[in-house]
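Single-structure report; data block below.
In UniProt numbering, the protein residues as written are 1 to 78.
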């Protein structure tokens, strides 16, 4: 016998808002998909699947988390 079943594992349900929140963690502070998946005890493929499904519904876009900051290059030299 390879292992012993210790209890019944229940399937978790994630709302679209929860999925979006988890997806938005990818890239923050350099967090990879793998790191975010491990933090939430889900698989990487689940994250990619959520991205695909939410993108089809128009709720997710690759640049969703993009933030633009102003940059001052100083005075132009001539």
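Quick reminder that beta carbons are idealized off the backbone N, C-alpha and C, glycines included. Keep in mind that this is a model prediction, so the values were computed, not measured.
| Asked | Found |
| --- | --- |
| Pick helix, strand or coil for residue 43, following the three-state DSSP scheme. | coil |
| Using C-beta distances below 7 Å, list every residue in its chain close to residue 36, excluding the 5 sequence neighbours before and after it, in chain order. | 22, 25, 26 and 47 |
| Can you round the beta-carbon distance between residue 28 and residue 44 to whole angstroms, since I take them to be within the 8 Å contact cut? | The pair is not a contact, with the Cβ atoms about 17 Å apart (cut-off 8 Å). |
| Check for me: the alpha helix (DSSP H) holding residue 20 runs from which residue to which? | 16-23 |
| Alpha carbon to alpha carbon, how far is residue 16 from residue 31? | 21 Å |
| Pull up the distance between the alpha-carbon of residue 20 and that of residue 74, whole angstroms please. | 38 Å |
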